[in-house]
Amino acid sequence: MIMKVKEPIESEYKLIKANQLLFTYFHFASYEPLTKAMIASKAVCLAYETVEKADKSLPLLIPMSEVAGRMAIQKGANYLEKPLGGRGILLGGVPGVLPAKVLILGGGIVGTQAAWMAAGLGADVTIMDVSLPRMRYLADVMPANVKTMMSNEYNIREMIKTSDLVIGGVLIPGAKAPHLITRDMLKEMKPGTVLVDVAVDQGGCIETCKPTTHENPTFVIDEIVHYCVANMPGAVPYTSTLALTNATLPYAIQLADKGWKKAAQQNADLVPGLNVINGDIVYEAVAQAFGMPYTPVEKYLAD
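All residue numbers for the sequence shown refer to the working numbering, where the first residue is 10 and numbers rise by one.
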């Protein structure tokens, strides 16, 4: 796993050859220079984050979302400590002292894993989502200290006033994350509140988010601590590598044995993973993010 984020340099892009298959995380919609570089290279870009099963699950994003969701609480609890800029509150409290209030935006894989961790530490947890079926499921499986609430601007504005730790875990596959917390909302939060934006790889769901590194993970705006590390799982490379390899290896074997085109023709999971082919954007959400032309992937999969 990559331990820090750095700006790719032009010489690195030039090492990529036309028709070469790149099978990795791209998150194109959040970074236009990378998108343009891959278009110019005429490589075949198959993105882990948009490989999709028939049930709409994302098998290659799930392992890293599980790691990042759990880490979000681990890191958030740490930065709530006063020497690190937080409110000086213990996540689970102690007898006679109330626990911290944790607000989780998004009830998907990240949000679910974050909720389990926060609940296990004894926090007062609220998950917000726009899907009633998802919230019914979470209400059934989560412990009593986890509550669910419909996600909308009014509810978010009300909840952030009393929250100590806010986790951003919103995902629109392949597209840029929406801003659910805007700059003006920071003034409504308690000083020392901690924001952990797991969605930073897709542009962030917090307007004031900007990607940070493991070496310099936080910054403060309006007395609010922001933790916005891109590639959070890189901090635990042993766990992350094994978790990711478990998921990617079957697909990698298929691609190596058959080539990308035949593998995609025979395994529908791989088709939405194709984002850029021979200079064309073949994933609609990426094209929409930058107002670029979109080419249906079927053009390249036809015999």
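For every residue, glycine included, the Cβ atom is placed at its ideal position computed from N, Cα and C.
For L114, the beta-bridge partners assigned by DSSP are M137, G177. By the criterion of a C-beta distance shorter than 7 Å, A261 is surrounded in its chain by F32, once the five residues flanking it on both sides are discounted. For V306, the closest C-alpha among the options K26, L55, L43, H36 is that of L55.
Contact between the segment 176-190 and the segment 38-53 is present: 3 or more CB-CB pairs across the two stretches fall below 8 Å. Taking a contact to require three or more Cβ pairs closer than 8 Å, the segment 86-97 and the segment 221-236 qualify as touching. When DSSP states are grouped into helix, strand and coil, V245 belongs to the coil group. Taking Q275 as reference, the option from D312, P104, T171 with the minimal CA-CA separation is D312. Only residues of its own chain outside the window of five on either side were considered, and among them E41 have a CB closer than 6 Å to the CB of F299, listed in chain order. Between the alpha carbons of R79 and V53 lies a distance of about 33 Å. In the three-state scheme derived from DSSP, where H, G and I count as helix and E and B as strand, Y34 is classed as coil.
Unbroken alpha helix (DSSP H) runs of no fewer than 4 residues, entirely contained in the segment 227-295, are found at 246-267, 269-275, following chain order.
DSSP places T44 inside the alpha helix (DSSP H), whose first and last residues are 41-50. Boundaries of the beta strand (DSSP E) around L204: 203-206. V280 is the residue among N287, V280, Y309 whose C-alpha sits nearest the C-alpha of T59.
Secondary structure of K91 (DSSP, three-state): helix. Our two residues, A272 and P302, have alpha carbons roughly 26 Å apart in a direct line. With contact defined as three or more Cβ pairs closer than 8 Å, the segment 280-292 and the segment 97-104 are not in contact.
With 16 or more other Cβ atoms from the protein chains shown falling within 10 Å of its own Cβ, N240 counts as buried. Under the criterion of beta carbons closer than 8 Å, A123 and A81 qualify as touching, at roughly 5 Å. In this structure, the alpha-carbon of D138 lies about 27 Å from that of G243.
A residue is called buried once 16 or more other Cβ atoms fall within 10 Å of its Cβ, and M159, having fewer, is exposed. Going by C-alpha positions, M198 is about 5 Å away from K170. The C-beta distance from N154 to V134 rounds to 6 Å, short enough to fall under 8 Å. Cβ-Cβ separation between L180 and A148: approximately 21 Å, too far for a contact (criterion under 8 Å). DSSP places L55 in the uninterrupted beta strand (DSSP E) bounded by 53-56.
For R143 and W269, the gap between their C-alpha atoms comes out near 34 Å.
The continuous alpha helix (DSSP H) containing K308 extends over residues 307-310. In chain order, V53, W269 place their CB closer than 6 Å to the CB of L30, counting only its own chain and leaving out the 5 sequence neighbours on each side.
Taking C-beta atoms under 8 Å as the contact rule, S50 and A27 qualify, at a distance of about 7 Å. Collapsing the DSSP output to three states places T171 in coil.
The beta carbon of G85 is closer than 6 Å to those of L174, V203, V205 in its chain, skipping five residues each way along the sequence.
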